[in-house]
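Participant:
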Amino acid sequence: MLNHKTAVITGASSGIGRAIASQLAAEGVHVFITGRSQEQLEDLKSQIEQSGGQATYSAFDLRDTGKLQSFIHQAREQTGHLDIMVNNAGLHIHGNIVDTQVDDWREMIDVNIVALLAGSQAAVHEMRLNEGSVPGHIINISSGNAYEPGRDFYSATKHMVNAIGQALTHELAKEPIQVTTILPGAVATNFGRNLEPETVVELARKLGMEVEFNQGDHLPEELIARIRGAMGQTFLSGDDIARAVVYALQQPQNVVVRELYLTAPNVYLGNDFSM
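First residue of the sequence shown: -19, per the working numbering; consecutive thereafter.
Have a look at this one:
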C-alpha cells in the first residue's frame, strides 16, 4: 500500500526518526531523510539500501527553514510526487520556565514549532502539485507531555504542535491531504536527554554498566537494550512509534487517524520521559 511513495522525514539521524525512516523504507517508500549528523544519515542510508530500499539524505540545521523547504521540493522533483511528510525533529532543553534562558525558548520554538510549520507548509504546496490528485499525509510527532503544557516550556511547545495539527486539519478539510498527530509516551531511545547525568550513571550502574553521560546526550545503545529488558513494560521503542506511523498511513482515504497517544502498559497519562 505504501510501495513507491515518497516521504520526507526530519530528525532522522537517530531515535524515533531513524526508526520511522527504516520502517517506511521497508514498506517500499523512497525516504528523504534529514538531520544534523551527516555521519549518522550516511549510515542510515547505507543500511536502507543494503536492505533493498531507497534513501536520499541532506544534513542541515532545521532552523534554516529555507534549506528544509528546498529539500522537500527536491523530494517531489526527484520522484515526481510527495506523499508523506513526517515532522519528527524536536528539541528539549531541560528546565522550568522560571529558570530557562530566553535563548533556550527561542531555540525550542525554532525547532519544535517554526520548522514544523515551514515543513508542513512546503509539503502542502508540493502535495498540491502531485499528478492525478494523489493524496498526501502529514505526520506530526508530538509528545505525551503535550497533555501537561504547564510542566515546562518544552511541554508547551508540544501542546502547540497538537494545535497546529488541528488547525491544518481544518484548513485542508476539502483537499486530499490528511494530518495525523502522534504523541509518544516514554521512549527508551531518547528519554535520557531529560535526565540528570548522575541519574543515568546510577541507572547504568544498577544494570551492570559503567557509562559517561552529559546532559542532553542520547543513551548508549547497550544501556537502552538493558533498560528495555529490565523495564520493558515502562518504555516504548522507536519501532513502536514507527509502526504507529505506518498504521496511520495505511488507513483508507475515508478513515482519518487524527491523533494517536502511545504509552507502554505501566505508564499513565502525563507521567513519562518522552521527547
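Ideal Cβ positions, reconstructed from N, Cα and C, are used throughout, including at glycine.
According to DSSP, alanine 35 sits in a beta bridge with which residue or residues?
Facilitator: Partner(s): Val11.
Participant: Among Arg43, Gly116, Gln54, which has the Cα closest to the Cα of proline 232?
Facilitator: Out of Arg43, Gly116, Gln54, Gly116 has the C-alpha closest to the C-alpha of proline 232.
Participant: Looking at alanine -1: is its Cβ nearer than 9 Å to the Cβ of glycine 33?
Facilitator: Against a cut-off of 9 Å, the Cβ pair of glycine 33 and alanine -1 comes out as no contact.
Participant: With a 10 Å radius around its C-beta and 16 neighbouring C-beta atoms as the bar for buried, classify asparagine 92 as buried or exposed.
Facilitator: Buried, by the Cβ-count rule.
Participant: May I have the straight-line CA-CA distance separating glutamate 29 from alanine 35, to the nearest angstrom?
Facilitator: Those two C-alpha atoms are separated by around 7 Å.
Participant: Would you list the residues sitting across from glycine 116 in a DSSP beta bridge?
Facilitator: Answer by DSSP bridge pairing, in chain order: Ile157.
Participant: Starting from the Cα of histidine 139, find the closest Cα among Glu155, Ser122, His150 and give me that residue.
Facilitator: Selected option, being the one with the closest Cα: Ser122.
Participant: To the nearest angstrom, report how far apart aspartate 63 and glutamate 176 are at their CA atoms.
Facilitator: Aspartate 63 and glutamate 176: Cα-Cα distance of roughly 40 Å.
Participant: Report yes or no: do three or more beta-carbon pairs, one from the region 12 to 24 and one from the region -16 to -9, lie closer than 8 Å?
Facilitator: Verdict: yes, contact present.
Participant: Could you give the C-beta distance for methionine 88 and phenylalanine 133, rounded to a whole number, given that I count them as a contact under 8 Å?
Facilitator: That pair is a contact at about 6 Å.
Participant: Between asparagine 110 and the rest of its own chain, which residues show a CB-CB distance below 6 Å, the 5 nearest in sequence each way excluded?
Facilitator: Same-chain partners within the cutoff: His61.
Participant: Short of 7 Å in beta carbon distance, which residues of its chain neighbour serine 50, apart from the five on each side in sequence? Order them along the chain.
Facilitator: Correct list: empty, nothing qualifies.
Participant: Taking proline 164 as the reference, give the member of Gly124, Gln146, Ala184, Lys186 with the closest Cα.
Facilitator: Comparing Cα-Cα distances from proline 164 to each of Gly124, Gln146, Ala184, Lys186, the minimum goes to Gly124.
Participant: With distances taken between CB atoms, is the gap from methionine 103 to threonine 45 smaller than 9 Å?
Facilitator: At residue 103 the sequence reads alanine, which differs from the methionine that was named. Contact: no.
Participant: So, under 8 Å CB-CB, leucine 187 and isoleucine 157 are touching, yes? Tell me the CB distance rounded to an integer number of Å.
Facilitator: Contact flag wrong, Cβ pair sits at about 45 Å.
Participant: With which residues is alanine 273 paired in a DSSP beta bridge?
Facilitator: Residue 273 falls outside the range modelled here, since the chain spans only -19 to 255, and no answer is possible.
Participant: Please identify the residue among Ser17, Arg108, Tyr37 whose C-alpha is closest to the C-alpha of alanine 1.
Facilitator: It is Tyr37 whose Cα lies nearest to the Cα of alanine 1.
Participant: Lysine 154 to leucine 148, Cα distance in whole Å?
Facilitator: The straight-line gap from Cα to Cα measures roughly 11 Å.
Participant: Could you give the residue range of the beta strand (DSSP E) that holds leucine 109?
Facilitator: No beta strand (DSSP E) holds leucine 109; DSSP gives it neither H nor E.
Participant: Starting from leucine 240, trace the beta strand (DSSP E) in both directions and tell me its first and last residue.
Facilitator: Here the beta strand (DSSP E) through leucine 240 covers 239 to 242.
Participant: Where DSSP assigns a beta bridge to proline 164, which residues make up the other side?
Facilitator: Bridge partners of proline 164: Leu242.
Participant: So, for valine 235: in the same chain, excluding its five sequence neighbours on each side, which residues have a beta-carbon less than 6 Å away from its beta-carbon?
Facilitator: Correct list: empty, nothing qualifies.
Participant: Kindly identify the DSSP beta-bridge partner or partners of isoleucine 121.
Facilitator: Paired residues: Ile162.
Participant: Quick one: Cα of valine 237 to Cα of glutamate 190, how far?
Facilitator: Computed Cα separation, rounded: 43 Å.
Participant: Cα separation between histidine 72 and glutamate 7?
Facilitator: Straight-line Cα distance between these residues: approximately 30 Å.
Participant: Skipping 5 residues on each side, what residues in its chain have a beta carbon closer than 6 Å to that of valine 225?
Facilitator: Excluding sequence neighbours, valine 225 sits near Ile0, Ile119.
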